Amino acid sequence: MNGPNRHCIFCDLIQGAAEVSVCYEDANAMAFMDIQPVNLGHTLIVPKKHYESLKDVPRDVAMHLFDVAVTLAPVIQRASGCDDMNIVVNSGHQAGQNVFHYHVHLIPRRAEDNFDIALPFEGSTMPDRTFLDAMAARIIAGLRDPARQAAPHTTRAVRAG
Ligand code: AMP
Ligand code: ZN
């Protein structure tokens, strides 16, 4: 797998330089089968242009990829025979991103496939409401004025609460 600023396997796939099973393509996006699927039908939707993570993707491109996801989801459900599906984006190393070319996972789910994104998270506690309210207020302030957003150390205090 590749880290930031390293050789990009997905760019190779998009350019036809490596083997890939494409199931959708338009001017700006491509979708192909994940090489190591949770279940058969596990699909990755990628921008044709290289962007590493969510923070790098232009808004219109991000919206377009989700539009493609919404188009593909019912088709993949029928093709895979799975009624249920996870739509997942791992954005950044700490979030579990391994390939640093932004992508959206469409993961068809089967009973007892042992894949899990377990929420609520077992290892977390419910913070006091004041912490939830404070975080909501910080986000509202950030939407109004991104330059004045509070420093991230406050975020850690909320998580510990
Ligand atoms: P992530 O951890 O969100 O970055 O997911 C990367 C995904 O890319 C994994 O599910 C891999 O199985 C998949 N993957 C890696 N290399 C290839 C490849 N050459 N073709 C298709 N899928 C790939
Ligand atoms: Zn790339």
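Here this note's numbering is used: the first residue of the sequence shown is 29, the next is one more, and so on. We put the beta carbon where it would ideally sit given N, CA and C, even for glycine. Small disclaimer: the values here were computed from a predicted structure and weren't measured.
In the three-state reduction of the DSSP assignment, Met58 falls in the strand class, which pools E and B. Under the DSSP assignment, Pro65 falls outside any alpha helix (DSSP H); it carries neither an H nor an E label. With a contact defined as Cβ atoms closer than 8 Å, Leu100 and Tyr52 qualify at about 6 Å. Screening all residues for a C-beta within a distance smaller than 6 Å of any heavy atom in the ligand ZN leaves Cys36, Phe38, Cys39, His78, His129, in chain order.
Residue range 71-75 is occupied by the beta strand (DSSP E) that includes Pro75, with no alpha helix (DSSP H) assigned at that position. Counting only residues of its own chain and dropping the five nearest sequence neighbours on each side, His92 has a CB closer than 7 Å to the CB of Asn56, Ala57. Judged by DSSP secondary structure, Leu134 falls within the beta strand (DSSP E) whose first and last residues are 132-137. Every unbroken stretch of the beta strand (DSSP E) spanning 3 or more residues and falling wholly within the stretch 95-162 is given here in chain order: 112-116, 132-137. Met113 and His35 have their alpha carbons spaced roughly 30 Å apart. Taking 8 Å as the upper bound for CB-CB distance, Gly170 and Ser108 are not in contact here, some 39 Å apart.
Only residues of its own chain outside the window of five on either side were considered, and among them Asn67, Cys110 have a CB closer than 7 Å to the CB of Arg138, listed in chain order. Taken through DSSP and simplified to helix, strand or coil, Cys51 comes out as strand. Secondary structure at Ala46: coil, using DSSP grouped into helix, strand and coil. Secondary structure at Arg87: helix, using DSSP grouped into helix, strand and coil.
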